Amino acid sequence: MLVDVHAHMEHKAFEPDLTEVLERAKQAGLTAVISSGTNYELNVKTLDLAKKFPIIKPALGLYPADALRLSEEEFEKSLDFIKAHRKEIIAIGEIGLDFQEAKGKEEEQEKNFSRLLQLSEELKLPVIVHSRKAEEKVIEVLEGFKAKKVVMHCFSGSMSLVKRAEDNGWMFSVPCNVVFSEHFQNLVRQVSVSQLLTETDAPFLPPVKGQRNEPMNVAFTVKKIAEIKGLDPEEVEKIVFMNFKKIFR
Ligand SMILES: [Zn+2]
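So the sequence shown is residues 9 to 257, counted in our numbering.
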């Protein structure tokens, strides 16, 4: 019952061997891989892949830097595409704010993020949220929407911001670099296991630097969470699966 709630199976890094990658994921015990689109073209590709491979659960979104590149017309087209495929998708993502990329466009990013949150509210779908150097702002905007079904993907904010997001009832998806990242180890220590999910962000953020990451590696995260929380890996796997069901149904 392992789940990877944030990966990019549509990324070109998986073009040569996606079938094998997903076969390995199944062998490792995964039942779902949420693949998040980041722009119009990749949203189309994500849906196509989900039709071909049932293990892929599609999320559609607009990554902050990608959203900034769009004209108003293109932005609308992307929103319409997501609306038109409401029944096929599990979440809105990847969306959020990134003040490291696209500096000086903070307000425009916030406006784009708000429009996507508006859409998630309208479609009654959870959101998978990216935040980099914008963690507090992301929380503020989400709070403004009174968003409930939120996955903070790879959240790097301070522990007081972690607490604030936890108190809002949001989930945290823990990447496999938790095996060496002190920040994510602290996050796991602090957050209730009932609000933890597992992700890879594959092909990014590998547990061993320099490799291409893939969904089967969520097993590393489960093991590390179990170690930190003093639970059996099987127990963590079950709890994470329940958390997954709770937010994505
Ligand atoms: Zn991502």
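The beta carbon of each residue, even a glycine, is placed where N, CA and C say it ideally should be. The structure displayed is predicted, hence computed values, not measured ones.
Run the CB neighbour count on residue i, radius 10 Å, all protein chains shown included, and call it buried at 16 or more, exposed below.
i           : result
residue 95  : exposed
residue 168 : exposed
residue 216 : exposed
residue 17  : buried
residue 152 : exposed
residue 46  : buried
residue 44  : buried
residue 190 : exposed
Going by DSSP, which residues form a beta bridge with residue i?
i           : result
residue 66  : 43
residue 138 : 104
residue 38  : 10
Could you check how far apart the C-beta atoms of residue i and residue j are, in whole angstroms? I think they sit under 8 Å.
i           : j           : result
residue 63  : residue 33  : 7 Å
residue 233 : residue 159 : Wrong, their Cβ atoms sit about 16 Å apart, outside the cutoff.
residue 65  : residue 42  : 5 Å
residue 12  : residue 226 : 5 Å
residue 133 : residue 97  : 7 Å
Using a Cβ distance threshold of 8 Å, determine whether the region 43-55 contacts the region 84-91, with at least three qualifying pairs required.
Contact holds: three or more Cβ-Cβ distances are below 8 Å.
Evaluate contact between the region 192-203 and the region 166-178, counting only Cβ atoms and requiring at least three cross-stretch pairs below 8 Å.
Touching, per the Cβ criterion.
Three-pair Cβ contact test at 8 Å for the region 144-157 versus the region 117-126
Using a Cβ-Cβ distance cut-off of 8 Å, the region 144-157 and the region 117-126 are in contact, since at least three pairs of beta carbons, one from each stretch, lie closer than that value.
Contact between the region 236-246 and the region 68-80 (3+ Cβ pairs under 8 Å):
No: fewer than three Cβ pairs fall under 8 Å.
In chain order, which alpha helix (DSSP H) runs of at least 4 residues are fully inside the region 218-254?
The alpha helix (DSSP H) runs of length 4 or more contained entirely in the region 218-254 are, from start to end of the chain, 226-237.
Ranges of the beta strand (DSSP E) found wholly within the region 108-157, counting only runs of at least 3:
Within the region 108-157, complete beta strand (DSSP E) segments of at least 3 residues are found at 135-140, given in chain order.
Please list the segments of the alpha helix (DSSP H) lying wholly inside the region 162-214, counting only runs of 4 or more residues, in order along the chain.
If we require 4 residues or more, the alpha helix (DSSP H) runs fully inside the region 162-214 come out as 167-175, 190-198.
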